[in-house]
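Written out below as structure tokens is the structure these notes cover.
In my numbering, the protein residues as written are 1 to 279.
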């Protein structure tokens, strides 16, 4: 069997019969295993899986990119279809997360973390496998683990916060994971939101694998929330990598996506619901 990656949940749709939602879920078929990377918000996962024929009952394990609602919210729906399942993630996915947003004319912290407590999702069949380091979770499939933050321009979004000693502090996003597939055509890197910074992530991946041929980068880059200076520096840094497909989506933002399309015309693609990569 070939490697096949299918976007099941994403913000946008370009085909009839599927639903868009602010979130991400990717169905990954390898020669050995089937992996669900994130579960979206929960509105579209089951519906889109039926439409796209990505059978959730075939999933061997779930990998979570981080603990935001738009990546974990479909967990209960998934477990309802599948039954108990191994969930690979950083333990911080269960931390209560916030984003400062305009509410009633002022910026207030709004809860945006995983919608349910650990005890409840465990009672529904979540079998958590906590991972903090680079790990092979299936043959040829790796999670990045905690990504070292080395670039000086990928500073993160200060509006994301967690509570510490009853105060709000910037979210360190230790749980920001990407999925790495070592395929015959080269590495495929599937991003959740790239809160660790897309360049930090790609540097980490090439360092850990010892390989620099990246066949595809797919998913959210969070460049939609970055400054012009960060976007400029990211574009220049991306040019140092050999990337055949740059298929961005979710939190990339329309203007940054347009910039990437201009800068990388031969590699750029957008990855809405139903988008596929086959190797």
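Cβ coordinates follow ideal geometry from the N, Cα and C atoms, glycine included.
Check the Cα spacing between residue 130 and each of 49, 15, 66 and 215: the tightest is with 66. About 11 Å separates the CB atoms of residue 10 and residue 41; that is not less than 8 Å, and the two are not in contact. Contact annotation: residue 13 and residue 272 have beta-carbon atoms nearer than 8 Å.
The beta strand (DSSP E) runs of length 3 or more contained entirely in the segment 36-98 are, from start to end of the chain, 61-63 and 85-89. By DSSP's assignment, residue 4 forms a beta bridge with 29 and 278. Each residue's CA atom was taken as its position, placing residue 201 and residue 53 some 31 Å apart.
In the DSSP assignment, residue 130 forms a beta bridge with 89. The C-beta separation of residue 245 from residue 277 comes to about 7 Å, placing the pair in contact by the 8 Å criterion. Exclusion of the five residues before and after residue 27 leaves 6, 8, 36 and 54 as the residues of its chain whose Cβ lies within less than 7 Å of its Cβ.
When beta bridges are read from the DSSP output, residue 268 appears opposite 246.
Between the C-alpha atoms of residue 145 and residue 103 there is a straight-line separation of about 34 Å. Counting only residues of its own chain and dropping the five nearest sequence neighbours on each side, residue 154 has a CB closer than 7 Å to the CB of 197, 199, 200 and 230. The Cβ-Cβ distance between residue 61 and residue 88 falls below 8 Å.
Nearest to residue 185 by C-alpha distance, out of 255, 211, 117 and 47, is 211. In the structure shown, the three-state DSSP call for residue 34 is strand. Residue 251 is a Cβ neighbour of residue 222, given a cutoff of 8 Å.
Looking from the CA of residue 168, the closest CA among 99, 180, 183 and 224 belongs to 99.
Residue 159 has its alpha-carbon roughly 30 Å from the corresponding atom of residue 135.
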